[in-house]
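A.B. asks: Take this structure, written in structure tokens, and hold onto it; I'll ask about it next.
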Amino acid sequence: MAALILVLGDQLTHTLPAISDARKTVDTLLLAEVREEATYVNHHKKKIAFLFSAMRHFAAELKANNYTVSYIKYDDENNQGSLLEQVKLACAKGDFSEVRVTMPGEYRLLKSMQQWEHVLGCPVIFCQDNRFLSTPDEFSAWAEGRKQLRMEFFYRQMRRKHHVLMDGDNPQGGKWNYDAQNREPMPATQQVPKHTTFKTDKITDEVIRLVDDVFSDHFGHLDNFYFAVTRDDALGVLDIFLQERLPHFGKFQDAMVEGQPWLYHSHIAFYLNCGLLTAKEVIMAAEQAYCAGQVPLNSAEGFIRQILGWREYVRGYYWHFMPALKHDNYFNNSRTLPDFYWHGRTNMNCMRQCIKETKDNAYAHHIQRLMVLGNFSLLTELSPQEVQDWYLLVYADAYEWVELPNVAGMILYSDGGNLASKPYVASGSYINKMSNYCKNCGYQVSKKTGPKACPFNYLYWHFIDKHKEKLSNNPRMALIYKTYGRMKNENIDAMKQDAEIFLSKLTHNEEV
Ligand code: FAD
Ligand code: DLZ
Ligand code: SF4
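35 is the number of the first residue of the sequence shown in the numbering used here; add one for each residue after it.
What follows is the structure in structure tokens.
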């Protein structure tokens, strides 16, 4: 009997067992552009256009490979608006004995799909997602009985298991981690390679018109659509990255430059997360570039750690801690997101640049997400739920399994330190060291208090002061609390006062 195989928008991988095991003339592969997935948060316009176009191109490839495919466009008259209703309709029209779907990436969808069997009256089979190098069970077994869940140790296990950058039982070069070499700011004279972009074709043009029309109230815009929407083009992005950017990736990984969103990053998370590229092939390609002497070890290791380490780790972390992770709020923060998170108009140049680039590109690199936008979100006590929704909708690579651990665990410390060994907070001097943003700012990074002082400075000490009970026993905060202990009371009071004024302005959406 025939199976109906649902393929989600982030499952565009030919080698997924649900697809490769399908009987081409018997089973039907169903892909559907549905309102429910496009609006459970109001995703960035570019994110929707990218995904719909990639889905349409993927369906065309499946058809060319003689699979039986049913593709439901957003404006098809029989579009039901949700995945369940679309599957229901397909089951009513066809003669299917079972529905198959690859394990979805988000908890909310898994919980919903686990109820489908009752609604549909036929078996719903969950197929394995074989695109990761670890499984959620493997993470849980690793986490069992550990007091601290530090990524670094999970990463070492993954290096050994997959024999990546290993020299027998030891790490290549003698060290597991070369981060100490990976913190250089960008010299003004550095010529960054051109961003890899693609011309839109007929399919993408049609999708762009659709998104412009139907999702006009969503964040962002569709100008300068730059994405690869096929596996071949995504492989092209990877190839150029390996040649032009990876050699400098390590050294400049943490740098930020005004007007330069792309720098030496790979810009492949969109493709990895929707399935056009696989983690294994990317890791092997980077290792190969190192073995061939084309890139230094600190770059290859730094890059591989992000994928074999962080990406695998956050996925395991997500499934291990859901659903509690979504509701954690260690510091009991509740401030509403200021309006400028949407329009980007603020006198703080670092925030202005990062929000503008996010709006333009549905992309910001890691340090912008972490040490500017994330740092500000924690220091200003924003509601974790609102920050989570924002990160989930503004970035084209965002799916909850990867966004939530980064937001709740890494930037907001809402899980109380399960993921991060200390909160990622910093004063303006960090941003000034790693970027050139402060030169064009309405505030002065050297000033600690007063109307012209950089808000990150007084907000930082306000945070340290306010949370001393929760944080001062953390050995990784010892140095900071030692400095705090030596500060004059009047200086602390002045910073606390400025912070309170600033926070009150944010609450009332006044210009900052
Ligand atoms: P590169 O800098 O070139 O890194 C290479 C790859 O490593 C990335 O493509 C990605 O697959 C992986 N990677 C790097 N850091 C992480 C990380 N912390 N967690 C998981 N994978 C990582 N990444 C997402 O893919 N989706 C998200 O929704 C997302 N949300 C984030 C939210 C916050 C608050 C923070 C601090 C980070 C977030 N990240 C997210 C991680 C990281 O910022 C992005 O993966 C990266 O910026 C994507 O750009 P790139 O492909 O150029 O990455
Ligand atoms: C993100 C997204 C969007 C915007 N639209 C669709 C869609 O119309 N159809 C679909 O199958 N998937 C879409 N997705 C991806 C899903 O939201 C994603 O599969 C789940 O969040 C699980 O990770
Ligand atoms: Fe950002 Fe402060 Fe520098 Fe302005 S002075 S760019 S607010 S860190």
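Built from N, CA and C at the ideal position, the CB exists for glycine as well.
Among 46, 80, 103, which residue has its Cα nearest to the Cα of residue 37?
C.D. replies: Cα-wise, what sits closest to residue 37 is 103.
A.B. asks: Heavy atom of ligand 1 less than 7 Å from the Cβ of residue 340, yes or no?
C.D. replies: It does: the Cβ of residue 340 is within 7 Å (strictly closer) of some heavy atom of ligand 1.
A.B. asks: Rounded to whole angstroms, what is the Cα-Cα separation between residue 258 and residue 84?
C.D. replies: Looking at the two C-alpha atoms, the distance is approximately 12 Å.
A.B. asks: Residue 294: beta carbon under 7 Å from a heavy atom of ligand 3?
C.D. replies: False, no ligand heavy atom lies under 7 Å from that Cβ.
A.B. asks: Starting from the Cα of residue 365, find the closest Cα among 322, 355, 328, 417 and give me that residue.
C.D. replies: Considering only alpha carbons, the answer is 417.
A.B. asks: Could you say which of 330, 355, 537 lies nearest to residue 411 if we only look at CA atoms?
C.D. replies: For the residues 330, 355, 537, the minimum Cα distance to residue 411 belongs to 537.
A.B. asks: Just the Cα atoms here: how many angstroms apart are residue 539 and residue 362?
C.D. replies: Near 26 Å, if we compare the C-alpha coordinates of residue 362 and residue 539.
A.B. asks: Between residue 371 and the rest of its own chain, which residues show a CB-CB distance below 8 Å, the 5 nearest in sequence each way excluded?
C.D. replies: Only 416, 417, 420, 421, 424 meet the Cβ criterion.
A.B. asks: For residue 441, report the span of its beta strand (DSSP E) as first-last.
C.D. replies: Per DSSP, residue 441 belongs to no beta strand (DSSP E) and is neither H nor E.
A.B. asks: Between the beta-carbon of residue 218 and the beta-carbon of residue 470, is there less than 8 Å?
C.D. replies: Taking 8 Å as the Cβ cut-off, residue 218 and residue 470 do not qualify as a contacting pair.
A.B. asks: Could you pull the DSSP bridge partners for residue 39 from this structure?
C.D. replies: Answer is 63, 134.
A.B. asks: When the Cα atoms are used, what is the spatial distance from residue 307 to residue 526?
C.D. replies: The alpha-carbon atoms of residue 307 and residue 526 are separated by roughly 44 Å.
A.B. asks: So does residue 429 have its beta carbon nearer than 7 Å to some heavy atom of ligand 1?
C.D. replies: Under cutoff, so the answer is yes.
A.B. asks: Just checking, does the stretch 478–497 make contact with the stretch 447–454 on the three C-beta pairs under 8 Å criterion?
C.D. replies: The stretch 478–497, when compared against the stretch 447–454, does not touch it at the 8 Å Cβ threshold.
A.B. asks: Could you spell out where the alpha helix (DSSP H) holding residue 333 opens and where it closes?
C.D. replies: Residue 333 -> alpha helix (DSSP H) spans 331–338.
A.B. asks: On a CA-only basis, which of 250, 483, 268, 283 is nearest residue 339? Give me that one, please.
C.D. replies: Measuring from the Cα of residue 339, the nearest candidate turns out to be 283.
A.B. asks: By DSSP's criteria, residue 103 is part of a beta bridge. Which residues make up the other side?
C.D. replies: Paired residues: 63.
A.B. asks: Which runs of the alpha helix (DSSP H) fall wholly inside the stretch 186–256 and span at least 4 residues, in chain order?
C.D. replies: Segments of the alpha helix (DSSP H) lying fully in the stretch 186–256: 236–248.
A.B. asks: Taking the CB atoms as reference points, tell me whether residue 177 and residue 354 lie closer together than 8 Å.
C.D. replies: Their beta carbons are under 8 Å apart, which means residue 177 touches residue 354 by this criterion.
A.B. asks: From this set, 264, 545, 251, which residue's C-alpha is nearest residue 20's C-alpha?
C.D. replies: What the structure shows of the chain is the stretch from 35 to 546, and residue 20 is not part of that stretch, so it cannot be assessed.
A.B. asks: Name all residues in chain order for which at least one heavy atom of ligand 3 lies closer than 6 Å to the residue's CB.
C.D. replies: Residues with a Cβ closer than 6 Å to any heavy atom of ligand 3, in chain order: 382, 383, 384, 462, 465, 466, 471, 472, 475, 477, 479, 488, 489, 490.
A.B. asks: Could you pull the start and end residues of the beta strand (DSSP E) that residue 86 belongs to?
C.D. replies: Careful: residue 86 lies outside any beta strand (DSSP E), inside the alpha helix (DSSP H) at 79–98.
A.B. asks: I'd like the span of the beta strand (DSSP E) that includes residue 526, first residue to last.
C.D. replies: First-last for residue 526: 523–541, but that is the alpha helix (DSSP H), not the beta strand (DSSP E).
A.B. asks: Quick check: the stretch 107–126 against the stretch 150–160, are at least 3 beta-carbon pairs closer than 8 Å?
C.D. replies: Flag = yes, the stretch 150–160 and the stretch 107–126 touch.
A.B. asks: Ligand 2 heavy atoms versus the CB of residue 350: any closer than 7 Å?
C.D. replies: No, the Cβ of residue 350 stays beyond 7 Å of every heavy atom of ligand 2.
A.B. asks: Under 6 Å Cβ to Cβ from residue 170, same chain only, skipping five residues before and after it: list those, please.
C.D. replies: Result list for residue 170: 350, 353, in chain order.
A.B. asks: Quick check on the burial criterion: 16 or more other C-beta atoms within 10 angstroms. Buried or exposed for residue 254?
C.D. replies: Classification for residue 254: buried.
A.B. asks: Can you determine whether any heavy atom of ligand 1 sits closer than 7 Å to the C-beta of residue 408, and answer yes or no?
C.D. replies: Yes, the beta carbon of residue 408 sits closer than 7 Å to at least one heavy atom of ligand 1.
A.B. asks: Using DSSP's beta-bridge definition, name the partner residues of residue 294.
C.D. replies: Partner(s): 291.
A.B. asks: Does the beta carbon of residue 77 fall short of 7 Å from some heavy atom of ligand 1?
C.D. replies: It does not: the Cβ of residue 77 is nowhere closer than 7 Å to a heavy atom of ligand 1.
A.B. asks: Is residue 445 near ligand 1 - that is, is its Cβ less than 7 Å away from at least one heavy atom of it?
C.D. replies: Yes, Cβ of residue 445 sits closer than 7 Å to a heavy atom of ligand 1.
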